[in-house]
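S.K.:
Residue numbers (this note's numbering): 118 to 522.
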């Protein structure tokens with residue numbers, strides 16, 4: 118038994134002697150089928166529950182393994198681009214990766230846009246691309262392109278294990294674990310495994326026992342020193358500010374705790390998860406289009422949690438205010454297009470909010486926050502009245518109905 122350490126993760130690998138004996142002498146299609154079944158079983162054991170499949174001949178061994186596993190729900194899309202964005206959506210919603218599979222050739226290229234989105238948004242996806250074996254590459258075989266590192270630096274890890282051989286079966290379980298850890302670690306994102314398969318593509322997987330391994334353990338996000346948090350709190354106590362919450366802002370309850378402690382409103386992006394908080398301002402995009410309101414409520418300090426919101430109006434308002442900006446994220450990623458961030462803090466965001474809130478002696482009375490909340494309520498009523506008067510299926514009306522359903 119050997120203990121391996123990968124990217125802050127420890128797991129044990131047990132030599133697959135029984136599996137190797139079972140595969141010895143079996144045809145190559147059975148070895149390929151077993152290889153795929155082992156990967157799928159390991160990913161399912163680690164919590165993967167959904168797969169998105171864009172059908173094609175060369176990916177048959179992995180497609181059959183996914184369909185055969187009782188804990189994996191398979192979604193079929195005949196368009197690779199649609200499949201990739203469906204997997205992106207699953208990762209966003211579940212915060213754990215979906216398996217994304219396609220055949221060889223130009224089909225792989227259609228995944229690229231979604232892979233880039235996943236990279237920039239730290240969304241985990243296990244991207245599996247079927248490929249021709251080495252002897253069919255660079256010889257003009259159909260549906261064959263160079264798939265090695267095709268997604269460039271947009272993936273956290275790339276690996277091509279070659280055509281499955283029974284002699285290397287003790288590496289199959291570690292491959293599944295390493296890919297999952299790279300996908301879901303401190304810097305979550307897409308992982309690309311290129312899988313060459315030889316014909317015949319349909320075989321029978323042999324029975325196997327799941328590997329004896331420890332559950333993966335991702336290293337903790339770095340945490341900021343409490344002395345630094347106290348210094349930040351002292352600055353915030355003397356400043357008029359707002360909290361801008363984007364995706365990745367941490368647990369909404371911890372954001373609410375910080376808002377109560379500071380007396381600052383929360384400008385909550387639709388992806389933040391903070392829309393239901395009592396201090397959340399949902400219609401800031403509409404409010405900030407009114408020049409007098411925007412000027413009257415300019416902040417001195419902006420605390421940005423997670424990713425930047427999608428509102429261009431909000432971004433322009435923050436820039437025009439010349440306010441100092443502090444950005445907090447769990448990922449070592451810079452979100453500072455205006456070059457106005459005076460401090461980039463990389464730490465676990467919920468911990469940051471909860472600990473910083475304790476640095477405030479008491480919740481201050483804030484007429485500014487009260488005014489934000491009052492005007493936000495008025496904006497909501499006005500928008501609802503417009504929708505009732507129009508009585509038509511506008512995009513905003515449909516989205517509001519879905520949110521409140």
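Every residue gets a Cβ at the ideal spot worked out from N, C-alpha and C, and that includes glycine.
Quick one: what does DSSP say residue 491 is sitting in, helix, strand or coil?
M.R.: In the chain shown, the residue the question calls residue 491 occupies position 374. Correct three-state label for residue 491: helix.
S.K.: Strictly by DSSP, which residues pair up with residue 274?
M.R.: As a position in the chain shown, residue 274 is number 157, starting the count at 1. According to DSSP, residue 274 bridges with 308.
S.K.: Which partner residues of residue 564 appear in the DSSP bridge assignment?
M.R.: The structure shown does not extend to residue 564, since the chain spans only 118 to 522, so no value can be given for it.
S.K.: Only counting the same chain, and skipping five residues up and downstream in sequence, which positions put a Cβ closer than 6 Å to that of residue 266?
M.R.: Looking up residue 266 in the chain shown gives position 149. Excluding positions up to five away in sequence, the list reads 275.
S.K.: Do the region 144–157 and the region 198–211 make contact, defined as three or more Cβ pairs closer than 8 Å?
M.R.: Verdict: no, contact absent.
S.K.: I'd like the list of long-range same chain contacts for residue 557, defined as Cβ closer than 7 Å, with 5 residues on each side in sequence excluded.
M.R.: With the chain represented from 118 up to 522, any question about residue 557 goes unanswered, as that position is not in the structure.
S.K.: Residue 161: which of 191, 391, 420, 401 sits nearest, CA to CA?
M.R.: Here the question's residue 161 lines up with position 44 in the chain shown. Here the closest residue by C-alpha is 191.
S.K.: Answer yes or no: do residue 224 and residue 197 have a C-beta to C-beta separation smaller than 8 Å?
M.R.: The residue you call residue 224 lines up with position 107 of the chain shown. The residue you call residue 197 lines up with position 80 of the chain shown. Result yes, Cβ atoms of residue 224 and residue 197 sit closer than 8 Å.
S.K.: At the level of alpha carbons, what is the spacing between residue 452 and residue 425?
M.R.: On the chain shown, position 335 is the one that residue 452 refers to. On the chain shown, position 308 is the one that residue 425 refers to. Approximately 7 Å, taken between the alpha carbons.
S.K.: Confirm, please, whether the CB-CB distance from residue 341 to residue 360 is below 8 Å.
M.R.: Sequence index remark: in the chain shown, residue 360 carries index 243 (1-based). Sequence index remark: in the chain shown, residue 341 carries index 224 (1-based). For residue 360 and residue 341, no; Cβs fall outside 8 Å.
S.K.: With 16 other CB atoms within 10 Å as the buried threshold, where does residue 506 fall?
M.R.: Position 389 of the chain shown, counted from the start, is the residue given in the question as residue 506. It is exposed - the Cβ of residue 506 has fewer than 16 other Cβ atoms within 10 Å.
S.K.: For my contact list, residue 467 and residue 367 are in at a C-beta cut-off of 8 Å; report their separation, rounded to the angstrom.
M.R.: Residue 467 sits at position 350 when you count from the first residue of the chain shown. Residue 367 sits at position 250 when you count from the first residue of the chain shown. Yes, they are in contact, since the Cβ atoms of residue 467 and residue 367 sit about 4 Å apart, within 8 Å.
S.K.: Excluding five sequence neighbours on each side, which residues of the same chain lie with their C-beta closer than 7 Å to the C-beta of residue 136?
M.R.: Against the chain shown, residue 136 aligns to sequence position 19. Same-chain partners within the cutoff: 286, 325.
S.K.: In this structure, how does DSSP classify residue 219 when only helix, strand and coil are distinguished?
M.R.: Here residue 219 refers to the residue found at position 102 of the chain shown. Looking at residue 219 - three-state DSSP - the assignment turns out to be strand.
S.K.: Where does residue 207 fall in DSSP's three states?
M.R.: Numbered from its first residue, the chain shown carries residue 207 at position 90. Correct three-state label for residue 207: helix.
S.K.: Who are the Cβ neighbours of residue 356 in its own chain at under 6 Å, not counting the five residues just before and after it?
M.R.: As a working note, residue 356 is residue 239 in the chain shown. Same-chain partners within the cutoff: 417, 418.
S.K.: Taking just the CA atoms, how far does residue 390 sit from residue 284?
M.R.: In the chain shown, counting from the first residue as 1, residue 284 sits at position 167. In the chain shown, counting from the first residue as 1, residue 390 sits at position 273. Using only the alpha carbons, I get a separation of about 48 Å.
S.K.: Assuming residue 248 is part of the alpha helix (DSSP H), what are its boundary residues?
M.R.: Reading the chain shown from its first residue, position 131 is the one you call residue 248. Element bounds for residue 248: not the alpha helix (DSSP H) but the beta strand (DSSP E), 242–248.
S.K.: Could you check the C-alpha separation between residue 140 and residue 279 for me, to the nearest Å?
M.R.: The count along the chain shown starts at 1 and reaches residue 140 at position 23. The count along the chain shown starts at 1 and reaches residue 279 at position 162. Distance between the alpha carbons of residue 140 and residue 279: 17 Å.
S.K.: I'd like the ranges of any beta strand (DSSP E) spanning at least 3 consecutive residues and lying wholly in the region 319–397.
M.R.: Qualifying beta strand (DSSP E) stretches, in chain order: 358–362, 383–385.
S.K.: Locate the beta strand (DSSP E) running through residue 442, then write down its first and last residues.
M.R.: For this step, residue 442 is matched to residue 325 along the chain shown. Its beta strand (DSSP E) spans residues 441–446.
S.K.: Look up residue 460 in the DSSP assignment and give the residues it is bridged to.
M.R.: Here residue 460 refers to the residue found at position 343 when the chain shown is read from its first residue. Partner(s): 443.
S.K.: Taking the alpha carbon of residue 321 as the reference point, which residue from 147, 450, 518 has its own alpha carbon closest?
M.R.: As a position in the chain shown, residue 321 is number 204, starting the count at 1. That would be 147, whose Cα lies nearest to the Cα of residue 321.
S.K.: Considering just the uninterrupted stretch of the alpha helix (DSSP H) at residue 471, what are its terminal residues?
M.R.: As a first step, residue 471 must be located in the chain shown, where it is residue number 354. Per DSSP, residue 471 belongs to the alpha helix (DSSP H) from 466–474.
S.K.: Which same chain residues, not among the five before or five after residue 221, have their C-beta less than 8 Å away from its C-beta?
M.R.: Counting from 1 along the chain shown, the entry for residue 221 is found at position 104. Taken in chain order, the residues that qualify are 173, 175, 176, 246, 247, 248, 249, 260, 261, 262, 264.
S.K.: Could you give the DSSP three-state label for residue 450: helix, strand or coil?
M.R.: By 1-based counting over the chain shown, the position of residue 450 is 333. Here residue 450 sits in coil by DSSP.
S.K.: Helix, strand or coil for residue 519, going by three-state DSSP, please let me know.
M.R.: Translated into positions along the chain shown, residue 519 becomes position 402. Here residue 519 sits in helix by DSSP.
S.K.: Just to confirm, are residue 314 and residue 178 a CB contact at a threshold of 8 Å?
M.R.: In the chain shown, counting from the first residue as 1, residue 314 sits at position 197. In the chain shown, counting from the first residue as 1, residue 178 sits at position 61. Yes, the pair counts as a contact, with Cβ atoms nearer than the cut-off.
S.K.: Excluding five sequence neighbours on each side, which residues of the same chain lie with their C-beta closer than 6 Å to the C-beta of residue 504?
M.R.: As a position in the chain shown, residue 504 is number 387, starting the count at 1. For residue 504, where only same-chain residues beyond five positions count, the Cβ hits under 6 Å are 514.
S.K.: Residue 217 and residue 165 look like a contact to me (Cβ under 8 Å); what is the Cβ gap, rounded to whole Å?
M.R.: The residue you call residue 217 lines up with position 100 of the chain shown. The residue you call residue 165 lines up with position 48 of the chain shown. Actually they do not touch by this definition, with Cβ atoms about 11 Å apart.
S.K.: Who are the near neighbours of residue 182 in its chain, counting only those whose CB is closer than 8 Å to its CB and skipping five residues on each side?
M.R.: For this step, residue 182 is matched to residue 65 along the chain shown. Answer for residue 182: 150, 153, 154, 156, 157, 322, listed in chain order.
S.K.: Please confirm whether residue 371 and residue 300 have their CB atoms less than 8 Å apart.
M.R.: Reading the chain shown from its first residue, position 254 is the one you call residue 371. Reading the chain shown from its first residue, position 183 is the one you call residue 300. Their beta carbons are not under 8 Å apart, which means residue 371 does not touch residue 300 by this criterion.
S.K.: Near residue 441, which residues of its chain fall below 6 Å by C-beta distance, leaving aside the five closest residues on each side in sequence?
M.R.: On the chain shown, residue 441 is found 324 positions in, with the first residue counted as 1. Same-chain partners within the cutoff: 418, 459.
S.K.: Rounded to the nearest angstrom, what separates residue 486 and residue 187 at their Cα positions?
M.R.: Locating residue 486 in the chain shown gives position 369, counting from the first residue. Locating residue 187 in the chain shown gives position 70, counting from the first residue. Their Cα atoms are separated by approximately 51 Å.
S.K.: Are the beta-carbon atoms of residue 397 and residue 385 separated by less than 8 Å?
M.R.: As a working note, residue 397 is residue 280 in the chain shown. As a working note, residue 385 is residue 268 in the chain shown. Result yes, Cβ atoms of residue 397 and residue 385 sit closer than 8 Å.
S.K.: In chain order, what residues of the same chain have a beta carbon less than 6 Å from the beta carbon of residue 445, not counting five sequence neighbours either side?
M.R.: Here the question's residue 445 lines up with position 328 in the chain shown. Closer than 6 Å at the Cβ level, and outside the excluded window around residue 445, lie 422, 462, 466, 469.
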